[in-house]
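Undergrad:
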Amino acid sequence: MKVVLLTSDSLRHRYIAASIANELELASIITENKSPKIQDTSAYGKKDAEFLAAHFKARAESEQKFFGEFREFSREIPLINVPHGQINSDEVFQIITDTDSDLIVLFGTSIIKDPLLRHFKDRIINLHLGLSPYYKGSATNLYPYLFDEPECIGATIHLATENVDEGAVLYQLRPEISETDDMHEIGNKVIDKAGRVLPTVLRKYFEEQIKPQLQSGEGKICRNKDLTPETLQKIYGNFEQEMIGRYLEKKEKRDKKKPIVQ
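To convert, count from 1 in the sequence shown and add 15; that's the working numbering.
1. So, do the stretch 22 to 38 and the stretch 67 to 84 have three or more beta carbon pairs nearer to each other than 8 angstroms?
2. Classify N96 as helix, strand or coil using the three-state DSSP reduction.
3. My output table needs one value for I44: the three-state DSSP class, helix, strand or coil.
4. Is V184 helix, strand or coil when you go by DSSP?
5. For the stretch 151 to 177, list the beta strand (DSSP E) runs that are entirely contained and at least 3 residues long, ordered along the chain.
6. My output table needs one value for A139: the three-state DSSP class, helix, strand or coil.
7. If we count the other Cβ atoms within 10 Å of its Cβ and call it buried at 16 or more, is F71 buried or exposed?
8. Tell me, please, which residues DSSP counts as bridged to I236.
9. In chain order, which alpha helix (DSSP H) runs of at least 4 residues are fully inside the stretch 101 to 138?
10. Between L131 and T195, what straight-line distance do the alpha-carbon atoms span, to the nearest angstrom?
11. Output the boundary residues of the alpha helix (DSSP H) element that contains T215.
12. If T124 and L21 are in contact, beta carbons under 8 angstroms, what's the gap, nearest whole angstrom?
13. Are the CB atoms of I281 and L174 nearer to each other than 9 angstroms?
14. Hey, P284 and D63 are a contact pair by Cβ (cut 8 angstroms); roughly how many whole angstroms apart?
15. Considering only the alpha carbon of each residue, which of K49, D55, R90 lies closest to A32?
16. Taking the beta carbon of N156 as the centre, do at least 16 other beta carbons fall within 10 Å, making it buried, or is it exposed?
17. Report the three-state DSSP secondary structure of T22 (helix, strand or coil).
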């Protein structure tokens with residue numbers, strides 16, 4: 016089974032690439048540069064800018080702790096880099112078509128559109144960091160903390176469709192959380208676990224051992240632009256008020272109220 020990975024180029028993306036390559040034939044890796052707007056603090060005052068800078072620094076340090084050994088993509092696998100917003104270009108479409116791959120995996124790219132979606136229908140698999148349909152869009156492993164719902168932290172492996180994060184689900188997971196974990200540690204635990212199960216899920220789907228399950232129920236649409244310093248400060252405040260401990264005390268009961276596909 017041959018796979019193409021569309022991703023970005025941080026340590027976590029290199030970890031996922033290595034996870035796939037260790038068990039499957041990874042024909043090509045296409046990386047898309049991240050938007051510089053994500054960590055741009057120029058629109059904020061000094062206090063908020065310093066707070067955001069500290070947040071991103073802590074995230075980077077945690078990612079280094081979990082995935083620091085994955086400093087490079089494998090040199091044995093063809094690697095193509097494209098500017099932000101060019102993942103749907105004719106060039107990328109042709110590169111993928113030329114690999115004659117069985118599946119395309121998405122992790123951390125811009126929204127995929129036609130002709131990719133149309134041409135590779137039911138062959139594009141998205142690794143979404145969040146539990147759909149409860150949280151869809153961006154920063155979906157942060158917003159659950161705002162609403163005191165750690166049970167909605169996890170990952171969804173689903174078919175890519177025109178509507179963002181609404182495709183039929185192949186598999187979902189929650190991380191093993193400890194009471195002392197911060198948001199960055201939990202987020203990286205999600206990615207670590209996702210990397211360990213992803214190759215098996217891909218193989219079983221390709222071999223028709225997994226039947227995709229349509230999503231049902233309502234959820235929240237999350238956007239990066241709404242993740243303001245004030246919102247992020249509330250999230251940190253919830254951690255300080257022992258949100259994780261309260262969740263773990265009733266974890267089984269709370270998880271059952273938000274069922275996932277396993």
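Here a beta-carbon is modelled for each residue, glycine too, at the ideal position from N, C-alpha and C.
TA: Looking at the coordinates:
1. yes
2. strand
3. strand
4. strand
5. 170 to 174
6. Per the sequence presented here, residue 139 reads as Ile, with Ala not at that position. Strand, per DSSP.
7. exposed
8. K151
9. 105 to 114, 131 to 134
10. 42 angstroms
11. 198 to 221
12. 5 angstroms
13. Lying outside 16 to 277, the shown extent of the chain, residue 281 is not represented and no answer is given.
14. In the structure as shown, the chain begins at 16 and stops at 277. Residue 284 is therefore absent and cannot be evaluated.
15. R90
16. buried
17. strand
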